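Chains A and B are the protein sequences, given in the same order.
Residues in the first sequence are numbered from 23 upward in steps of one, following this note's numbering.
Residues in the second sequence are numbered from 173 upward in steps of one, following this note's numbering.
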Amino acid sequence: MRGSKALLFAAAAMPLVAVMPAWGQTIPKKPEEVARPGGKLPGNPKLALVKVADGLNDPTGVSVAGDGSGRIFAVERVGRVKVITPDGKILPEPFLDLTKTNPLGSEVQTGFVEQGLWSIAFHPKFKDNGYVFVHYASLPFNGASIVARYTVDKASPNQITKDQANKSVKVIMNVPQPYYNHYGGRIAFGPDGMLYIGRGDGGWEGDPLNAGQRLDTLLAKLLRINVDTADDVAYAIPKDNPFARADYPQMMSLFGITEEGFSRIKIGARPETWAYGLRNPYMFHFDPKSGDLFIADVGQNHWEEINYQPRSSKGGENYGWNLNMGTKCHPMKGANDTCPQVGVLPIAEYPHQEPYPGAPKLTQGWGCSAQGLGVANYGGMDKAYLVGDWCSGRVWGIEWDKGASKWQMQELMQAPFQFTAGATDEKGYVLAVNCYCFYLEDKGPVANPPGALWRLLPANEVAPGMETAKVKLPN
Amino acid sequence: MRVVCVLASAVILACAASVSAQELTFRSIIDKSPLDVTPKPGEVVTDAVNAFRRTGQNPYTGKADAVAQGKKLYIEYCESCHMSDGSGRMGPSLIEDYHVYEEIKTDAGLFEIVFGGGFGAMQPFSKRLSQDEILKVMAYVRTLMKP
């Protein structure tokens with residue numbers, strides 16, 4: 023259980039039953055209970071995108087330190103982290119520059135647009151220990167994904183110099199990457215102090231390695247590790263991870279064990295796994311208020327899905343990839359496919375312009391790639407997960423409707439750019455970044471037109487002088 | 173200042189106040205605000221661009237050399253989303269009867285979409301291409317569309 027003491031063998035059997043947490047949210051058990059575009063959030067929020075800073079090279083992530091400094095940290099794909107001061111200035115010297123730490127060249131592989139530096143996470147005790155963690159595709163390790171820790175020198179709070187970086191670096195995890203796409207990306211500390219890592223299925227399309235349903239690989243998972251270990255220990259497995267003991271050495275007993283007991287034995291299962299069956303969980307966010315978790319799992323040709331776990335989750339959720347995408351079958355062949363529903367359903371899903379092969383093109387409510395931005399508790403929103411779409415520029419809000427006892431999904435605006443990532447700032451407002459780094463138009467991580475950092479403010483909190491994005495608001 | 177209206181298929185698709193005596197005003201399809209068509213530093217304003225700004229008609233339409241150059245640009249900048257035949261995948265189809273932006277039907281409207289950008293991934297290609305290059309891409313896109 024996140025935030026509780028160890029529960030050995032917790033949830034090794036798949037939690038196909040709906041979870042009934044506090045506040046009434048239920049996880050859908052039937053496809054018709056999954057929210058889709060066209061709903062209405064209870065508070066019917068009106069939002070504006072207010073520009074915070076401009077001139078970021080392919081921003082792929084954003085984070086805050088949680089140290090009360092008001093600084094925002096924008097992640098640039100090339101391998102740099104930039105500091106944005108509370109008054110919107112981008113400091114010229116990067117906070118961290120992984121293109122300069124290795125004298126033989128960059129640490130970061132950026133050859134494909136999904137490769138690069140994706141995320142920075144600040145240790146819950148960052149103010150005391152100065153630990154920051156990054157997740158990126160490694161050039162020296164042939165595109166493997168690396169999680170590494172660096173330590174900020176208190177005498178230089180806005181810059182980890184090359185010397186300090188090389189002096190302090192600790193590699194936490196190195197996961198080989200089979201193909202050049204579907205890495206996942208975001209890393210973040212949960213309310214339990216554990217580090218969560220969104221890890222994609224390793225790429226190509228269709229999950230050719232079947233990573234989604236395999237437990238013996240770190241691909242296609244949300245991982246959960248304990249990084250509070252001695253410096254010569256990369257990380258530890260939290261004892262309450264769902265598969266922490268699934269492959270534990272033990273004597274064989276054939277009798278006196280229940281079938282459920284046998285089912286907990288998963289030889290080869292990776293104990294880092296928190297949830298599986300995910301295709302490309304590039305963005306996931308914890309609600310800063312409740313600790314609940316939302317995962318935006320990027321879909322393939324036809325549907326995007328958003329998953330939810332209450333803080334009381336014991337982990338082990340199977341989100342269905344590569345057998346399902348959202349409530350749909352994979353591979354999708356037509357409008358009326360039938361297939362088993364595997365694992366836990368999402369709370370929301372939205373279609374691409376062609377919701378199934380050969381379908382008439384949709385004119386409304388479509389997208390192509392779900393990028394979670396953050397959980398909003400303001401402007402009439404109560405634990406609303408905001409999701410930006412990479413193709414259509416739509417911003418969706420997904421929120422539990424207490425009155426109707428169901429999840430709602432509402433289009434809140436359509437913006438004239440691609441969202442790549444988001445996070446909540448120290449005041450709880452949702453931040454978002456956009457880039458102009460779209461596959462073939464990609465000219466390299468510092469050659470594309472620069473992107474920007476935005477804040478999603480309630481429309482009635484936009485003050486004179488603030489620059490807002492031209493957006494289309496729903497009718 | 174006078175008002176110039178571009179008529180196509182008996183529908184008013186663009187109606188704009190011109191600043192100079194001759195040139196049309198092109199508008200963002202997001203909010204209809206005027207687009208700044210001031211050339212970028214070093215950008216050559218060709219005769220074709222000048223003619224287009226006056227008439228809203230793309231002089232490169234049907235011109236083989238320009239279409240060929242436009243195809244190269246299309247392959248580099250457009251194909252990944254709209255596919256080589258314009259049928260679309262991550263970006264919308266350009267060749268079906270239904271269009272995300274009805275403005276696509278006129279040259280002026282197509283320019284407004286490509287130059288000024290649309291929603292989401294349809295970024296403003298004014299950031300990447302000259303206006304002359306945009307006209308060439310437009311000429312190639314017209315060859316993909318159904319007659």
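Backbone N, C-alpha and C define an ideal beta-carbon position, used for all residues, glycine too.
Quick caveat: nothing in here was measured; it's all calculated off a predicted structure.
Here A/K494 has M435 and Q436 as same chain residues with Cβ atoms under 7 Å from its own Cβ, once five neighbours each way along the sequence are excluded. Boundaries of the beta strand (DSSP E) around A/Y372: A370 to P373. For A/W476, the pairing in a beta bridge is given by DSSP as A/K73 and A/A454. Here B/A311 is not near B/K204, since their CB atoms are 8 Å or more apart. Annotation for A/K428: no alpha helix (DSSP H) segment contains it, though the beta strand (DSSP E) segment containing it runs K428 to Q436.
Under the three-state reduction of DSSP output, A/K192 falls in the strand class. Secondary structure of A/D423 (DSSP, three-state): strand. Cα atoms of A/P53 and A/T349: separation of roughly 6 Å, rounded to the nearest angstrom. Burial is judged here by how many other beta carbons sit within 10 angstroms of a residue's own beta carbon; A/E98 has at least 16 and is buried. The criterion of a C-beta distance shorter than 8 Å is satisfied by A/P379 and A/G356. At least 8 Å separates the beta-carbon of A/G466 from that of A/L453.
Taking a Cβ-Cβ cut-off of 8 Å, the neighbours of B/K299 in chain A comprise Y458 and P471, given in sequence order.
Counting every other CB atom within 10 Å of its CB across the protein chains shown gives A/V255 a total below 16, marking it as exposed.
With a threshold of 16 other beta carbon atoms within 10 Å, A/Q386 falls short and is exposed. Against A/K492, the close residues of chain B are S200, I202, D203 and S205, in the order they occur along the chain (beta-carbon pairs closer than 9 Å).
Taking 8 Å as the threshold, the shortest C-beta distance from A/K383 to chain B falls below it. Contact of B/E268 with chain A by beta-carbon distance below 7 Å involves K383. Closest option to B/F198, judged by alpha-carbon separation, among B/E284, B/V309 and B/M317: B/E284. In terms of Cβ geometry, A/E371 and A/E327 form a close pair [threshold 8 Å]. Among the residues facing chain A, B/Q303 is not included, as its CB has no counterpart in that chain under 8 Å away.
Annotation: the continuous alpha helix (DSSP H) that includes B/H254 extends over E251 to H254. When 7 Å is used as the limit between beta carbons, B/A293 is near these residues of chain A: W412, C413, Q440 and F460, in chain order.
Residues of the same chain with a CB within less than 8 Å of the CB of A/W476, apart from the 5 flanking positions on each side, are L71, V72, K73, V74, L453, A454, V455, N456 and A491 in chain order. Boundaries of the beta strand (DSSP E) harbouring A/M305: M305 to F308, taken from the DSSP string. In this structure, the straight-line span from the alpha carbon of B/D269 to that of A/D359 is close to 28 Å.
In the three-state DSSP reduction, B/P264 falls in the coil class, being neither helix nor strand.
The DSSP-derived three-state label of A/G207 is strand. Measuring C-alpha to C-alpha distances from A/D269 to each of A/N263, A/P260, A/I289 and A/F211 identifies A/I289 as the nearest.
With a 10 Å radius around the Cβ and a threshold of 16 neighbouring Cβ atoms, A/T121 comes out buried. Think of a sphere of 8 Å around the beta carbon of B/P264: the chain A residues whose beta carbon falls inside it are Q375 and K383, in chain order.
Put simply, the CB of A/A437 is near chain B, with a gap under 8 Å to one of its CB atoms.
When Cβ-Cβ separations below 8 Å define contact, B/S259 makes no contact with chain A. If you draw a straight line from the Cα of A/L63 to the Cα of A/I247, it is about 34 Å long.
Interface annotation, B/G281: not in contact with chain A, CB-CB separation never under 8 Å. For B/G289, the C-beta contacts it makes with chain A under 9 Å involve P438 and F439, in order along the chain. Judged by DSSP secondary structure, A/K243 falls within the beta strand (DSSP E) whose first and last residues are K243 to I247.
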